[in-house]
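Going down the list, the sequences are from chains E and B.
Position in the first sequence counted from 1, then plus 21, gives you this note's numbering.
Position in the second sequence counted from 1, then plus 45, gives you this note's numbering.
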Amino acid sequence: MPTSVTAARQFLTEEAARALDEAVAVARRRSHAQTTSLHAVSALLSLPSSTLREACTRTRSSAYPSRLQFRALELSVGVSLDRLPSSKSVEDPPISNSLMAAIKRSQASQRRHPESYHLQQLHSSNNNNANATGCSQAQAILKVELKYLILSILDDPIVSRVFGEAGFRSCDIKLALVRPPVAQVSSRFSRAHCPPIFLCNLTDSVFGRVGYNLLFPGQEDGVDENCKRISEVMAKKSGKSPLLVGVCALEALRAFTESLTKGKSGILDGDLVGSVVISIEKEINEIVNEGNDEKMGLKLKEVEATLEKCNGSGGGGVVLHFGDLKGLIFDGALGDFVSPLVLRLAGLMEVYRRRLWLMGAVDSVEIYRKFCDKFPNVEKDWDLQLLPITSSKSSFDGAYPKSSLMRSFVPFGGLFPTPSDLRSPLSGRNQSIPRCNLCNEKYEQEVDAVKKAGSTVSVADQYSENLPSWLRMAAVDTSRGEDVAKTKAGESMLSAKVLGLQKKWNDICQRLHCTPTVTKLDNPSMSQVPIVKGPQFSRDQNRTSSGDLSINESLFPNQSPSRQIHMQTNFLPKSTPSISCTSEGRNMNFHSVLHVDVPSVTQQTDKDVPWFHHPRQSLSSCSGRTPSSFVPPVTTDLKLGTIYASTSRESNTTKSLNHQEHLQRFSGSVSTEFDANSETTSYQFAQSSSCSGPASAEQFDLGDYKSIRKALAEKVGWQDEAVNSVSQAVSQLRHKYRSFRGINCKGDNWLTFLGPDRVGKKRIASALADVLFGSQECVVSLDLSSQDKLGHSNSIFECKELSSYDEMSRGKTMSDLIAEELRKKPHSVVFLENVDKADYGVQHSLDLAIRTGKFPDSRGREISINNMVLITTSSSITKGNVKVICENKVVKFPEKIILGAKNWQMQILVGSASDDASKSNYMGVRVATVKEASTSTSANKRKTMDVVESSELEKTDTGEREHKVPRSCLDLNFPVEEADEEDMGLGHSKSESMSESSESWLEELFSQVHKKIHFKPFDFDGVADKIVKEISSQCQRTVGTEVALEIGEQVMVQMLAAAWLSDKREAIEDWVAKVLGRSLVEVGQKYNLSPRSVLKLVACEGDVVKEQAPGIRLPAKINLN
Amino acid sequence: MGYNLLEALNVRVVGSGDRYLVLAHGSGTDQSVWQRILPLFTPSFRIILYDLVCAGSVNPDYFDFSRYTTLDPYVDDLLNILKALGVDRCAYVGHSVSAMIGILASIRRPQLFSKLILIGASPRFLNDKDYHGGFEQGEIEKVFSAMETNYEAWVNGFAPLAVGADVPTAVREFSRTLFNMRPDISLFVSRTVFNSDLRGVLGLVSVPCCVIQTARDVSVPASVAEYLRTHLGGRTTVEILRTEGHLPHLTAPALLAPVLRRALAR
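Pasting the structure below:
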């Protein structure tokens, strides 16, 4: 409904109302039915002292002459007005809704800024736009001021289009309006430098300016900064004789005296007015160089006379300028003449303190110091004041380069980024997140729409054509197979669709909000996916989709993307070589999945189905089979599944729903080898889904704990307690999610691993990732201490690590690094090692993260971590968590040493043993701490051996008989380790000041985490014993009992590290049997071994392993000497 | 009055702690350059951030061409800010120009500063008889004329050079702030800086200083750090950062922060 003109007028100040009247008149002339914003613009432009026009003048781009541009503007306004339909003439064309809305908007913005409103009033009165409204009326009904009206009108899209056609940007004009022309010169540039137009900025520009001007009084033209400073010094009561210090001091001194003699009265004031400058520079030169002080005497007399006169007249004074101080300390034989001069001047100073100023310059402080050494009292006597001079004026002579630059500046004025960028890190928190939520919402809506759409198009024929084999297969097993197929088809269709949608929204999100997405997968758009929701499938479809949804909502309520992303990751492995995710490709995939599935139903116990050529495939089939009715090998499945999780997952997820419904049927046949308290169905399901990921996560239940425990224990067999408590924590966590449906208690998804066993912790983390997110790859693993560590080169652990801190983090802080990783993998186990070493930034971020559920990076952007499980580790145990760990037991192979293990090639050396009795009776295999050069032959090595015997570690079967190993001795073997420790020690002392706060921080953090889990140290000694036993038996088998084998400690450490790292438990035994055994056999063949022979297994230092044995990080073959 | 200065130069005081720390940016940047360093120090210091009057984030109208002809007015600004904030003692971290400003300020008010940390500082950029500042007068003139003819091109060429290390984000960031400066102001300030010569007055500094320099810096040769160490009046230490570029606080904050912390602790 248009508003009548009179009604609209009451909202406006007189001035604005006048403008409105004009606008109405324009509309009337053109016999338009309503007065629109366009009319208002037209009227505003034609007003005599048009603010709008003036603003346009200031903003217009310099590319066109102003006259032309205004012409263009008028034309475009005119054309737009012409386009409006004319009607029969109305007396007063009422105000259109859009214009009325503009008035309302301006009213609102004015109300929001009452202060600026007054200011505005004030200001506009300055601009001769005085209006009578004043403040009193502001209370009654807020009358819109013209400026605000214009600003609001400019917001109108039609108006901005019209301006745009004429080459104006309405935002520029707004800016110009808000920032009135303060300085003639530079207002044009202001838009590049001021915050973007918000009305509140008005205060700044008006107030700040005025105040600032006051701050710099007295800026007379032509007086340079140095002169000003000098005169400031001279105006003081004491210390008024400036001694200019600096390389440019002399120049500045000259410039100053010059301007003094020229009589620039502007410089001097007060006592200085009317003073004369007398230079004794030349005279000093003469004294020093020629010893002629006559002239000086004369000059000084002259000075005295002048001073006398000044005293009498009561004005003026003498500025005695002695030039470069260097002249006075000239180290010559004639130096004697200087001291009388100095004294003389001091005398003069005393007498005519008020009238005399001494002045000089000196190159550098050092020279002045020397001078002071000679004449200790000179500073006081001469009343000197040092004045640092850092630049001469000379290079600024002439005009400022302003004018020429201005021109060059203008063309790219528009390129200047708005300063809002500047503020964004401070004020613009959360920026990326809400936007992405927006996208997610939209995405969700679409997903729902797709799901609800039901049977839209039926292209089932095509689908079945694509899957002939599947149909055949399905026919084999009549009832069940079909059912499976149906659900599968429905589910996969859905997921394909969802995938398409998700892709779409990810794209949009990425494009719009620059959100890093996780996917590299090139998914098809929806259209490519054959839509197969045939009517006969619809029932199943509904069921699956609802199940799907419930999972989605209940488990990860606030993170709908979780599912999509999992889908995505789940689909990733599918896109093996040929499959670029076209619909066909996916069908093929189904195909294979079905293959896997159907046989599992039909031939229940057949493990070696002939078409499972590919080991992976067979694995996936195994794990896929589990839920159906393939009972016995559940555990093996799991094991295999975890190892090859990335591949087995594929079938699992697509089938998870399938399982769900089949479980009911098969629950009878499902084994009951597990505890009674676990619901068989859900447990069984959980079991399978421990590798299958989140799609089935809803089902996790009481059995959850056991299954997780099993999965973890599979990986880290030696950490029973830790595994127990981790699985407990995780199942609790899941249970909580389930029962509270979206209530996320902060810190719930945080765990802390304390104590030793770095590898174990890491393994548990990756196993958890596998359990929770379906892939071992879903781990963000960062070592917070790594920044102060130098990389161990050739470390056996090397390949496991992420690329070193240095490479990844150039120009980034640690918290940025973490944030980046989190962004890359929004669903993952975040594994932060050595959290006790975190720098402050990370501490801060973690603090916020645990409290708010969002991890902020250093720029304040936040990443939600609600979908992650955060694991922080610390090898140290803070005071608060002292859990007694028996550390008093001496360990032969502490973890620290193992961590220093290198990936060297190994070598067997052959030598002969001495007949030393003590040696002849040992078991045959032992570990020597001797570090041997690989080239040494045992014959000349004997001596050394004997010497170091005391420090030899003797490995026997009992193994518990501990030799106290001097630490220093071990250090010799591990120079890197030692250096490292030193480094750490240094770092510790460095951070001493903060270590305390850091510790308290740590404690606080740990108090907030869901659970603290203590790790036991890995039993390296036990493993070492085992290895030694294994090797000795191997040795006896291959080369006979009488031959002794010595294992270099380095090799031992290497083997221990490898055993620690290896996935399989028997890997090291395998290696000993295969690699070492083979080598020993070779040795036996090659050398004629006598009972006195000693074989030595040592590391070839500097020779990195080229070929690794499968399954373990040890060389695939051992060199023979 | 002082209040308005604080506003004009975007003075911010952040953090909690009983000690004041001034973070002063160099030319071509603004206070945002400290954003990666800032969070590391907010808990232990009250940090004063401000923009030099020449910074792009300050209204260019405030830049008085007749006033800012030497570094002293900048020093005035700094001292006025500290006065307005009621600071009677503070540590000072200054980069490039601000390092010079800090030196001058500490000469004028030695009691005000407990420590000067000078990043990429140089008392004189031009070479002299027995001084290697890194630049020849001729080169500088060429640079100036390049700035004058096409500022944008100059920025695009200079930014990566100054940043040194291969950190695109830092280059982007530096380009942004550099480009935010009005070209005429930028040129004028550059002239002022290159015209300045602090060599003679270094001996007047009595405040303990820490000179932080990167291993390779286009603007400041390594010898300059040594020169500063020998000539600065106060107890002075030199820290060489194992990174490159003139802007370590932008490119290697993780490297710089511990050094800063250490220097501040002493």
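Every residue gets a Cβ at the ideal spot worked out from N, C-alpha and C, and that includes glycine.
Source: prediction; values computed, not measured.
Cα-Cα separation between Pro217/E and Leu196/E, rounded to whole angstroms
Taking the first sequence and counting its residues from 1, one reaches residue 217/E at position 196. Taking the first sequence and counting its residues from 1, one reaches residue 196/E at position 175. Only weak support is given to the placement of Pro217/E: the predicted model assigns it a pLDDT of 33, under 50, and the question is left unresolved by the model.
Evaluate contact between the segment 735 to 752 of chain E and the segment 854 to 864 of chain E, counting only Cβ atoms and requiring at least three cross-stretch pairs below 8 Å.
no
With which residues is Arg261/B paired in a DSSP beta bridge?
To locate residue 261/B, count along the second sequence from 1; it is residue 216. In the DSSP output, where bridge partners are listed per residue, Arg261/B has Glu289/B.
Identify whether Met889/E lies in helix, strand or coil by the three-state DSSP scheme.
As a first step, residue 889/E must be located in the first sequence, where it is residue number 868. In the displayed model, Met889/E falls within coil according to three-state DSSP, outside both helix and strand.
Taking 9 Å as the CB-CB cut-off, is Gln258/B touching chain E?
Taking the first residue of the second sequence as position 1, residue 258/B is located at position 213. No, Gln258/B does not count as interfacial toward chain E.
Opening and closing residue of the alpha helix (DSSP H) in which Thr773/E lies:
Counting from 1 along the first sequence, the entry for residue 773/E is found at position 752. Thr773/E -> not in any alpha helix (DSSP H); beta strand (DSSP E) instead, spanning Trp771 to Leu775.
In angstroms with no decimal places, state the Cα-to-Cα distance between Arg134/B and Lys187/B.
The residue you call residue 134/B lines up with position 89 of the second sequence. The residue you call residue 187/B lines up with position 142 of the second sequence. When rounded, the separation of the alpha-carbon atoms in Arg134/B and Lys187/B is 42 Å.
Does Cys269/E have its Cβ less than 9 Å from a Cβ in chain B?
Counted from its first residue, the first sequence places residue 269/E at position 248. Yes, Cys269/E counts as interfacial toward chain B.
So, is Glu311/E buried or exposed, given that buried needs 16 or more other C-beta atoms within 10 angstroms?
Reading the first sequence from its first residue, position 290 is the one you call residue 311/E. So Glu311/E counts as exposed.
Is Pro228/B buried or exposed, if buried means 16 or more other CB atoms sit within 10 Å of its CB?
If you number the second sequence from 1, residue 228/B lands on position 183. Looking at its Cβ environment, which holds 16 or more other Cβ atoms inside 10 Å, Pro228/B is buried.
Presumed contact (8 Å Cβ cut-off) between Phe794/E and Ser748/E, rounded CB distance
Taking the first sequence and counting its residues from 1, one reaches residue 794/E at position 773. Taking the first sequence and counting its residues from 1, one reaches residue 748/E at position 727. The Cβ separation is near 16 Å, so there is no contact.
Spatially closest choice to Arg374/E from His342/E, Lys395/E, Pro409/E and Leu328/E, by CA coordinates
Walking along the first sequence from the start, residue 374/E turns up at place 353. The shortest Cα separation from Arg374/E among His342/E, Lys395/E, Pro409/E and Leu328/E belongs to Leu328/E.
N- and C-terminal bounds of the beta strand (DSSP E) containing Met380/E
Sequence index remark: in the first sequence, residue 380/E carries index 359 (1-based). Met380/E -> beta strand (DSSP E) spans Leu377 to Val383.
C-alpha gap between Ser72/B and Tyr389/E, whole angstroms
If you number the second sequence from 1, residue 72/B lands on position 27. If you number the first sequence from 1, residue 389/E lands on position 368. Going from the Cα of Ser72/B to the Cα of Tyr389/E covers about 32 Å.
Continuous alpha helix (DSSP H) stretch holding Tyr119/B: start and end
Residue mapping note: residue 119/B aligns to position 74 of the second sequence, counting from 1. First-last of the alpha helix (DSSP H) with Tyr119/B: Asp117 to Ala129.
Selected residue, minimal CA-CA separation from Ile162/B, among Leu292/B, Val283/B and Glu289/B:
Reading the second sequence from its first residue, position 117 is the one you call residue 162/B. When only C-alpha atoms are compared, the closest one is Val283/B.
Could you tell me the alpha carbon to alpha carbon distance between Cys255/B and Arg250/E, rounded to whole angstroms?
Within the second sequence, numbered from 1, the residue matching residue 255/B stands at position 210. Within the first sequence, numbered from 1, the residue matching residue 250/E stands at position 229. Pairing Cys255/B with Arg250/E, the inter-Cα distance amounts to about 28 Å.
Given a cut-off of 9 Å on the beta-carbon distance, is the pair Asn78/E and Ser87/E in contact?
Here residue 78/E is taken as the residue at index 57 of the first sequence, counted from 1. Here residue 87/E is taken as the residue at index 66 of the first sequence, counted from 1. In the sequence as presented, Asn is not what sits at residue 78/E; that position holds Thr. In this structure, Thr78/E lies near Ser87/E, with their beta-carbon atoms less than 9 Å apart.
Cβ neighbour criterion (16 or more within 10 Å) applied to Glu166/E:
Stepping through the first sequence from its first residue, residue 166/E is reached at position 145. Buried, because 16 or more other Cβ atoms sit within 10 Å of the Cβ of Glu166/E.
In the DSSP assignment, what are the bridge partners of Trp199/B?
Walking along the second sequence from the start, residue 199/B turns up at place 154. Paired residues: none, contrary to the question.
For Phe860/E, go through chain B and note every residue whose CB falls closer than 9 Å to its CB, in chain order.
Here the question's residue 860/E lines up with position 839 in the first sequence. Note that residue 860/E is Asp in the sequence shown here, rather than Phe. The answer, in chain order, is Leu85, Ala299, Ala302 and Pro303.
Check the Cβ-Cβ distances between Ile410/E and every residue of chain B, and say whether any is below 9 Å.
Here residue 410/E refers to the residue found at position 389 when the first sequence is read from its first residue. So, interface residue.
Is there at least one Cβ from chain B nearer than 9 Å to Leu407/E's Cβ?
Stepping through the first sequence from its first residue, residue 407/E is reached at position 386. By this cut-off, Leu407/E is an interface position.
Count the other CB atoms within 10 Å of the CB of Ile919/E; is the residue buried (16 or more) or exposed (fewer)?
Along the first sequence, one-based indexing puts residue 919/E at 898. When all chains shown are included, Ile919/E counts as buried.
Residues of the segment 181 to 202 of chain B with a CB closer than 9 Å to any CB of chain E: list them in chain order, please.
If the cut-off is 9 Å between Cβ atoms, the segment 181 to 202 of chain B has Phe189, Met192, Glu193, Thr194, Asn195, Tyr196 and Glu197 near chain E.
Grouping DSSP H, G and I as helix and E and B as strand, with all else coil, what is Tyr137/B?
Working through the second sequence from its first residue, we reach residue 137/B at position 92. Three-state result, Tyr137/B: strand.
Among residues of its own chain, excluding the 5 on either side of Val56/B, which ones have a beta-carbon nearer than 6 Å to its beta-carbon?
As a first step, residue 56/B is located in the second sequence; it is residue number 11 there, counting from the start. Closer than 6 Å at Cβ, skipping near neighbours: Tyr95 and Ile126.
Between the segment 104 to 117 of chain B and the segment 79 to 86 of chain B, are three or more C-beta pairs nearer than 8 Å?
Verdict: no, contact absent.
Please classify Phe158/B: does DSSP put it in a helix, a strand, or coil?
By 1-based counting over the second sequence, the position of residue 158/B is 113. Correct three-state label for Phe158/B: strand.
Distance check for Arg306/B and Pro636/E, CA to CA, integer angstroms please.
Taking the first sequence and counting its residues from 1, one reaches residue 636/E at position 615. Taking the second sequence and counting its residues from 1, one reaches residue 306/B at position 261. Caution applies to Pro636/E, whose pLDDT of 37 falls short of 50 and renders its modelled position unreliable; the value that the coordinates give is listed next. Cα to Cα, Pro636/E sits roughly 56 Å from Arg306/B.
Residues within the segment 238 to 254 of chain B neighbouring chain E, beta-carbon criterion of under 8 Å
Asn240, Ser241, Asp242, Leu243, Arg244, Gly245, Val246, Leu247, Gly248 and Leu249
Going along the chain, which residues of its own chain have a beta-carbon closer than 8 Å to the beta-carbon of Phe914/E, five neighbours each way excluded?
By 1-based counting over the first sequence, the position of residue 914/E is 893. Phe1041, Asp1042, Ala1045, Met1073, Val1074 and Leu1077, listed in sequence order.
By Cβ distance, which residues of its chain are closer than 7 Å to Val263/B, with the 5 residues on each side in sequence left out?
Numbered from 1 along the second sequence, position 218 holds the residue referred to as residue 263/B. Within the same chain, Val263/B has close Cβ partners Leu206, Ala207, Gly209 and His291.
In or out: Ser211/E buried (at least 16 other Cβ within 10 Å) or exposed?
The count along the first sequence starts at 1 and reaches residue 211/E at position 190. Its pLDDT being 36, under 50, Ser211/E is placed unreliably in this model, and the value from its coordinates should be taken loosely. By the neighbour-count rule (16 or more Cβ atoms within 10 Å), Ser211/E is buried.
Burial state of Val1049/E (16 or more Cβ within 10 Å)
Position 1028 of the first sequence, counted from the start, is the residue given in the question as residue 1049/E. Counting the other CB atoms within 10 Å of its CB gives Val1049/E a total of 16 or more, which places it among the buried residues.
Distance, Cα to Cα, Lys164/E vs Gly99/E?
Start at 1 with the first residue of the first sequence, and residue 164/E comes out as number 143. Start at 1 with the first residue of the first sequence, and residue 99/E comes out as number 78. Rounded to the nearest angstrom, the two C-alpha atoms are 29 Å apart.
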